[in-house]
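*Asks:* Numbering (this note's numbering), first residue to last: 7 to 152. Heads up, the beta-carbon is just placed ideally off N, CA and C, and yes, glycines get one too. All figures in this text were calculated on a predicted structure; none of them were measured in a lab. Before I ask anything, here is the structure I am working with.
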Amino acid sequence: MSRTMRTLICLMMSMMMILTMNIWGCSAVSAEETSVQPRYNYTGYTSTSLSITTAGTARCFADAEGYQDIVTKVHIEMKLQQYLALQWTTVGAWTGTFNDYYGALSKTKALTSSGNYRVKAVFTVYSGSNSEKITSYSPERYYTRP
7 MSRTMRTLIC LMMSMMMILT MNIWGCSAVS AEETSVQPRY NYTGYTSTSL
57 SITTAGTARC FADAEGYQDI VTKVHIEMKL QQYLALQWTT VGAWTGTFND
107 YYGALSKTKA LTSSGNYRVK AVFTVYSGSN SEKITSYSPE RYYTRP
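Spelled out as structure tokens, the structure:
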């Protein structure tokens with residue numbers, strides 16, 4: 007067998023091994039297997055959002071729902087924050103306490119300067135004297151003052 011023929015056979019065998027390894031190295035993973043979903047003792051869900059109108063009005067929203075017949079009170083601390091000098095600075099703050107398994111805060115604030123904004127909400131959900139605290143952030147929104 008000639009040297010060229012041996013080289014060609016070795017090259018083909020190497021390619022087959024490489025292709026075989028790639029096929030076996032792949033696997034499909036479903037979304038349920040890769041998503042991380044925290045589970046809480048008393049809280050079913052929380053939500054935090056921010057929208058900004060072209061006129062510069064920030065609409066801040068935060069809500070939480072606990073498990074019915076388990077949760078006795080929901081407390082929400084909501085802050086509108088602006089990114090200034092490499093840190094998040096509070097430019098508006100509100101609180102609300104709801105003697106129920108559900109609570110929601112919705113507030114507006116006129117913005118006075120351009121920049122990145124977000125809403126930070128701290129939810130404290132009670133079951134009698136026990137409680138759990140959850141912190142949530144809205145997606146950031148950029149506002150340009152006209």
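(1) By a C-beta neighbour count over all protein chains shown, 10 Å radius and 16 as the cutoff for buried, is residue 87 buried or exposed?
(2) Do you know how far the Cα of residue 98 is from the Cα of residue 49?
(3) Beta-carbon separation of residue 70 and residue 131 under 8 Å?
(4) If I follow the unbroken beta strand (DSSP E) through residue 75, where does it start and stop?
(5) If residue 109 and residue 80 are in contact, beta carbons under 8 Å, what's the gap, nearest whole angstrom?
(6) From the DSSP output, in three-state form, read off residue 30 for me.
(7) Can you say whether residue 85 is buried or exposed, counting buried as having 16 or more other CB atoms within 10 angstroms of its CB?
(8) Assess contact between the stretch 108-124 and the stretch 133-140, defined as three or more Cβ pairs (one per stretch) separated by less than 8 Å. Is contact present?
(9) Short of 6 Å in beta carbon distance, which residues of its chain neighbour residue 11, apart from the five on each side in sequence? Order them along the chain.
(10) Taking Cβ positions, are residue 133 and residue 60 nearer each other than 8 Å?
(11) Hey, how far is the Cα of residue 75 from the Cα of residue 120?
(12) Which class does residue 14 belong to by DSSP, given the choice of helix, strand or coil?
(13) With H, G and I counted as helix, E and B as strand and the rest as coil, what does DSSP make of residue 142?
(14) Could you pull the DSSP bridge partners for residue 136 from this structure?
*Replies:* Working from what's here:
(1) buried
(2) 26 Å
(3) yes
(4) No beta strand (DSSP E) holds residue 75; DSSP gives it neither H nor E.
(5) 4 Å
(6) Interpretation of residue 30 is limited by its pLDDT of 46, a score under 50 that renders its predicted location unreliable; no figure is taken from the coordinates.
(7) buried
(8) no
(9) none
(10) no
(11) 45 Å
(12) helix
(13) strand
(14) 133
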